[in-house]
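Colleague:
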Amino acid sequence: MDIRNYTQSDEAQVVDLWNRSCVFDAIDVRKFRRQAILDENFDPSLSWVALDGETVVGFVFATKRKFPYLERGLEPERGWINVLFVDRTYWRQGIGGQLLERCETALRELGCKNITLGAYSPNYFFWGVDPGNYPQAVHFFEKHGYQPLEKHYSMEKDLHGYQIPENILERKASAEAKGFRFVGFDYSYTLELLEFLKVEFGGGWKRNALIAMQNNQAEDLIQLVLAPDGRICGFCMRAIDGNPMRFGPIGIAAAQRNEGLGTILLDVQCYEMCKKGVYHMYFVTTDDPGRRYYERQGLRVFREFVTYKKEIE
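Set out below in structure tokens:
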């Protein structure tokens, strides 16, 4: 068994092994390149393959920021293990442990004091560990000292024949009587929206909207709420990763969060999706309070993740 750093010639075998190992998260070469190899922080010296002869039987890659990410900056004490997997026929031979040790040692030498599993923004593949689909991963990482933290939920809703519920239409009419308006984005809102998102929700939300604007897709993807004074007070978009079914983020300004506007906006966006022929909506992650809220809106959980972290000082 040999372990060496990843090279471009490993690409096809790594993607093939990924699809045989992470069976609930199949990818193609383009997705692998886009979210791993072409991420600005990808570093071949933090990526390894395990080889049996010329055959790739294990793979791991980790991340340490080289370029600052919005208001988070470089997060100098933080590292990520983006993905780790081993061919099932080679389990229990210590290969996964060796790959993990390489990552931890390299990240420690780069100044990291803690490691998060998955949840690397903006190009994460996994929002933690999925205990339902990969129970063996839970055992493996906990054995190596990783501690479980928050639980997160992926949720979905069918939109075939979707209609805004009557009670929501009544609430919308009531909000409009107070002067609120629900409108689709147009470019006259560009600078105001970008500033609103940065101030109310942070640079990540601003980045998502900015990319949609740059790609000339914002008018198709973004819905807004305007306050009685005409200023933006609510925002929702979809397709932040290019998938038209992906819903969110959605948020209302702190000053207007007791008006029930978020629930109305959610249904407005769902209806707009249905009108465009997008008959399914989902999002990747919310917490326990978010899960309870979205369940009241008719969504269901289809996947769970647990955040894991390890101190390596």
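Take my numbering: the final residue in the sequence shown is number 296, and no numbers are missing along the way. C-beta: ideal position from N, C-alpha, C; glycine also. None of the values given here were measured: they were computed from a predicted structure.
What did DSSP end up calling residue 282 once you bin it into helix, strand or coil?
Modeller: The answer is coil: DSSP assigns residue 282 none of H, G, I, E or B.
Colleague: Around the Cβ of residue 50, are there at least 16 other Cβ atoms within 10 angstroms (buried) or fewer (exposed)?
Modeller: Burial call: exposed.
Colleague: Out of curiosity, what's the CA-to-CA distance linking residue 267 and residue 223?
Modeller: About 11 Å.
Colleague: Taking DSSP as the reference, what is the three-state secondary structure of residue 95?
Modeller: Coil, per DSSP.
Colleague: Residue 201 lies in the alpha helix (DSSP H); which residues open and close that run?
Modeller: Looking at the DSSP string, the run of the alpha helix (DSSP H) that includes residue 201 is 201 to 204.
Colleague: Could you check which residue in 179, 253, -2, 288 has the C-alpha nearest to that of residue 236?
Modeller: Taking only the C-alpha atoms, the option nearest residue 236 is 179.
Colleague: Roughly how many angstroms separate the alpha carbons of residue 122 and residue 113, rounded to a whole number?
Modeller: Going from the Cα of residue 122 to the Cα of residue 113 covers about 12 Å.
Colleague: With a threshold of 16 other CB atoms inside 10 Å of the CB of residue -9, please say whether the residue is buried or exposed.
Modeller: Flag for residue -9 reads exposed.
Colleague: The beta strand (DSSP E) spanning residue 135 covers which residue range?
Modeller: It spans 130 to 141 - the beta strand (DSSP E) in which residue 135 sits, taken as one unbroken run.
Colleague: Of the residues 155, 190, 139, 68, which one's Cα is nearest the Cα of residue 278?
Modeller: Comparing Cα-Cα distances from residue 278 to each of 155, 190, 139, 68, the minimum goes to 139.
Colleague: Pick from 160, 209, 25, 287: whose alpha carbon is nearest that of residue 116?
Modeller: Checked all of 160, 209, 25, 287; the closest Cα to residue 116 is 287.
Colleague: Grouping DSSP H, G and I as helix and E and B as strand, with all else coil, what is residue 63?
Modeller: It is a strand residue.
Colleague: Quick check: what's the CA-CA separation for residue 167 versus residue 175?
Modeller: Each residue's alpha carbon lies about 14 Å from the other.
Colleague: Assuming residue 31 contacts residue -13 under a Cβ cut-off of 8 Å, what Cβ separation, rounded to an integer in Å, is found between them?
Modeller: Residue 31 to residue -13, Cβ: 7 Å. Contact.
Colleague: For residue 172, which of helix, strand or coil comes out of DSSP?
Modeller: Of the three classes helix, strand and coil, the one that applies to residue 172 here is helix, per DSSP.
Colleague: Using DSSP with H/G/I as helix, E/B as strand and the rest coil, what is residue 291?
Modeller: Of the three classes helix, strand and coil, the one that applies to residue 291 here is strand, per DSSP.
Colleague: So, using beta-carbon positions, are residue 130 and residue 291 closer together than 8 Å?
Modeller: Contact: yes.
Colleague: Less than 8 Å between the CB atoms is what I'm expecting for residue 41 and residue 68, so what's the real figure, rounded?
Modeller: That pair is a contact at about 7 Å.
Colleague: Looking at C-beta atoms only, is the number of pairs between the stretch 20 to 40 and the stretch 1 to 10 that lie closer than 8 Å three or more?
Modeller: Verdict: no, contact absent.
Colleague: Start and end of the alpha helix (DSSP H) containing residue 186?
Modeller: It spans 186 to 197 - the alpha helix (DSSP H) in which residue 186 sits, taken as one unbroken run.
Colleague: Quick test of your reading: residue 280 and residue 249, contact by CB under 8 Å. State the CB separation rounded to the nearest angstrom.
Modeller: Yes, they are in contact, since the Cβ atoms of residue 280 and residue 249 sit about 6 Å apart, within 8 Å.
Colleague: Who does residue 236 pair with in a DSSP beta bridge?
Modeller: DSSP, once it has assigned bridges, lists no residue as partnering residue 236.
Colleague: Measuring alpha carbon to alpha carbon, tell me which residue in 143, 204, 182 is nearest residue 192.
Modeller: Comparing Cα positions, the closest option is 204.
Colleague: When the distance is taken between beta carbons, is residue 90 closer than 8 Å to residue 47?
Modeller: Contact: yes.
Colleague: Go ahead and pull the three-state DSSP assignment for residue 88.
Modeller: Helix.
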